[in-house]
Amino acid sequence: MITGSVAAVALVASVVLAHTARAATFGVTESDGAYIVDTGAGLMFTVSRTNGDMTSMTYEGRELLSGRASHVQSGFGSDTEVTAEVRGDTIVVTEHAPDFYTDGEIYHYLVVREDQNNIYMATWVDAHAAGELRWYSSFRGDVLTGAYEPSDTAGDTVIESADVFRDGGRTSSKYYSNRRAIDQGIRGLTGDGVGVFMDYGNRESSSGGPFFRDIEQQRTGNNDLYNYLFSGHNQTEGQRTGELYGPYALMVTDGSTPKARDLSFMYDLNLHDAVGPAGRGWIVGKVSGVDRANAVVGWSNPAAQYWTRPDASTGNFASPLMKPGSYTQTLYQGELAVARRSVTVAAGTGTTGANQSSTWAEQDTIVRLGEWDGTPAGFKNAAESTSMHPSDSRLQPWRSAVTGSQTASFPAAQWSGINNGTTVTFDLTEEQLTARTVRIGITAAFAGGRPQISINDWTPKKVPAASAQPKSRSLTIGTYRGNNTLYEYAVPASALVAGTNTLTITVVSGSTGTGYLSPGFSYDAVDLY
385 MITGSVAAVA LVASVVLAHT ARAATFGVTE SDGAYIVDTG AGLMFTVSRT
435 NGDMTSMTYE GRELLSGRAS HVQSGFGSDT EVTAEVRGDT IVVTEHAPDF
485 YTDGEIYHYL VVREDQNNIY MATWVDAHAA GELRWYSSFR GDVLTGAYEP
535 SDTAGDTVIE SADVFRDGGR TSSKYYSNRR AIDQGIRGLT GDGVGVFMDY
585 GNRESSSGGP FFRDIEQQRT GNNDLYNYLF SGHNQTEGQR TGELYGPYAL
635 MVTDGSTPKA RDLSFMYDLN LHDAVGPAGR GWIVGKVSGV DRANAVVGWS
685 NPAAQYWTRP DASTGNFASP LMKPGSYTQT LYQGELAVAR RSVTVAAGTG
735 TTGANQSSTW AEQDTIVRLG EWDGTPAGFK NAAESTSMHP SDSRLQPWRS
785 AVTGSQTASF PAAQWSGINN GTTVTFDLTE EQLTARTVRI GITAAFAGGR
835 PQISINDWTP KKVPAASAQP KSRSLTIGTY RGNNTLYEYA VPASALVAGT
885 NTLTITVVSG STGTGYLSPG FSYDAVDLY
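As structure tokens, then:
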């Protein structure tokens, strides 16, 4: 037995091995090929010494896990070294697999502190061929009964790819539990006298930037909680490897929502490639030329990503503590990148004067649909696009014909097989019959879909090129976020008439598909100037 108190050995052995009631003493013991960890505050969990799976978790004597093991990805497999060590008031369980998915190496850490019912975690991986990296826990639905409605799929009928469901006209999916990374806070599951919550922690080694969305939870019959560290779910960046993901934490309570913990103590535990605060630097600057209340500054390089919101009054910003290196600093208006520059971070110091001003060109428009903010916000069905399948009966019909700048009547997305041929009518006077420009911004695209226009009887001779987008589903899995792309069309004066004109936008693509899996895209904004 390993324990923090010699006097507690007999008590831990009798209570922990039984694993049926709350243990009163902090410690860890070995039994039947497993480590059993006791926080001393009501939470106990069992970790297989063979493959690192968490096979049991009890709180005040109640089993919380559904019978499915909790683990990184889908488990490490049998070639896993698992050790446990008590360091004063801290227990560190280390899991190491040298051949993770045949060609990678991975470390995963489970850490507890005495009298805290939290399992602090971090994960390091140097290569990964499985397409995703996640922490997954499946809890008993009869104990943790609360469910997030958009991702409650229990009893529903599958309609797409075994992961999107329908019950009557209501659709559901684990994908619809997503939030933007910049907005992720504590989220979890509750029941009678118990709650389990995820603190998503540090996203610096994940990919996709501040606005990336991914699965957080799902209710089937069990109640599942995830922390996606990396995935291929409309992923706009490759995986960062050779880096420590986290720290993050699984938090167990009496049902109340916990506050986020300071996770920085994890950097003092000699975790693989951990970079503590003293080994980091920061960036200071000021933004201009943007709506400061809706601005974000982000940093990215092959090793890490970070972001912050500037002060809404002054535009001043300071980054989180960052790993040393050279970064691309991006200024976003909403989610639209409007300026980029290079910055360098040095350990133990701040880089000042990293000011940034928007390079986005506003225009005096005749027609403006939407706002240039990198999102379909304000368009028809946009508010529900991250929490419903586009076939959901609660949505408005996707087909649209609008007059002028009627943003709320214009569709958030368009597919060749659903609502092709969105029309916008607008009036011009004789004096306005000059060469014009149409700008269309898209936020994501599926199957090579991109916008082609016609005005009255005129159509551009050239078909626009497809944008660079992730090779996965997007518009049906609760995200409008891909690679923002701007299309511009030069309209000759001869295409226009005095009086009413009609702009028609169609989806073009070299690919095929049906319904909501036909070529399509989501809109950012449309201008005519």
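Each residue of the sequence shown is one higher than the one before, counting from 385 in my numbering.
The beta carbon of each residue, even a glycine, is placed where N, CA and C say it ideally should be.
Just so it is clear, the structure is predicted and the values come from calculations on it, not from any experiment.
- Residue state for residue 479 is assigned as strand, using DSSP reduced to three classes.
- DSSP places residue 750 outside both helix and strand once states are collapsed to three, so it counts as coil.
- Here residue 895 is near residue 831, since their CB atoms are less than 8 Å apart.
- Remark: fewer than three beta-carbon pairs, one from each stretch, lie closer than 8 Å, so the stretch 468-478 and the stretch 589-608 are not flagged as touching.
- For residue 492, the enclosing beta strand (DSSP E) starts and ends at 488-497.
- When C-beta atoms of the stretch 446-455 are compared with those of the stretch 483-490, fewer than three pairs fall below 8 Å, so the two segments do not count as touching.
- For residue 907, the uninterrupted beta strand (DSSP E) segment begins and ends at 904-912.
- Remark: C-beta atoms of residue 744 and residue 717 approach each other more closely than 8 Å.
- Taking the Cα of residue 735 as reference, the smallest distance to any Cα among 705, 689 and 589 is reached at 705.
- When the beta-carbon positions are compared, residue 859 and residue 913 stay at least 8 Å from each other.
- If you draw a straight line from the Cα of residue 748 to the Cα of residue 878, it is about 21 Å long.
- Taking the CA atoms as reference points, residue 666 sits about 57 Å from residue 883.
- Residues of the same chain with a CB within less than 8 Å of the CB of residue 778, apart from the 5 flanking positions on each side, are 553, 554, 768 and 772 in chain order.
- Using a Cβ distance threshold of 8 Å, residue 839 and residue 867 do not count as a contacting pair.
- Here residue 644 is near residue 569, since their CB atoms are less than 8 Å apart.
- Residue pairing from DSSP places residue 826 in a beta bridge opposite 869 and 907.
- Taking the C-beta atoms as reference points, residue 502 is found nearer than 8 Å to residue 633.
- For residue 549, the enclosing beta strand (DSSP E) stretches over residues 548-551.
- The stretch 668-677 makes contact with the stretch 694-704, as at least three CB pairs between them are under 8 Å.
- By the criterion of a C-beta distance shorter than 7 Å, residue 461 is surrounded in its chain by 435 and 481, once the five residues flanking it on both sides are discounted.
- Scanning 814, 409, 525 and 430 for the CA closest to the CA of residue 419 turns up 430.
- Only buried fits residue 719, as 16 or more other CB atoms lie within 10 angstroms of its CB.
- Rounded to the nearest angstrom, the gap between the Cα atoms of residue 542 and residue 906 is 24 Å.
- Residue environment for residue 746: exposed (fewer than 16 other C-beta atoms within 10 angstroms of its C-beta).
- A buried status is given to residue 623, since no fewer than 16 other beta-carbon atoms sit within 10 Å of its beta-carbon.
- In summary, residue 909 is buried, with 16 or more beta-carbon neighbours lying within 10 Å of its beta-carbon over all protein chains present.
- Around the beta carbon of residue 589, a 10 Å sphere encloses 16 or more other beta carbons of the protein chains shown; the residue is thus reported as buried.
- Here residue 650 carries a helix assignment [DSSP, helix/strand/coil].
- Residue 890 has its alpha-carbon roughly 31 Å from the corresponding atom of residue 715.
- Uninterrupted alpha helix (DSSP H) stretches at least 4 residues long and entirely within the stretch 614-689 do not occur.
- When beta bridges are read from the DSSP output, residue 716 appears opposite 680 and 721.
- Beta-carbon to beta-carbon, residue 537 and residue 557 are separated by about 7 Å, close enough to satisfy the 8 Å threshold.
- Between the stretch 749-768 and the stretch 791-799 there are three or more inter-stretch CB-CB distances shorter than 8 Å, so the stretches are counted as touching.
- Here the stretch 571-588 lies against the stretch 514-531, with 3 or more beta-carbon pairs under 8 Å apart.
- With fewer than 16 other Cβ atoms from the protein chains shown falling within 10 Å of its own Cβ, residue 870 counts as exposed.
- Distance from the CA atom of residue 694 to the CA atom of residue 727, rounded to whole angstroms, is 17 Å.
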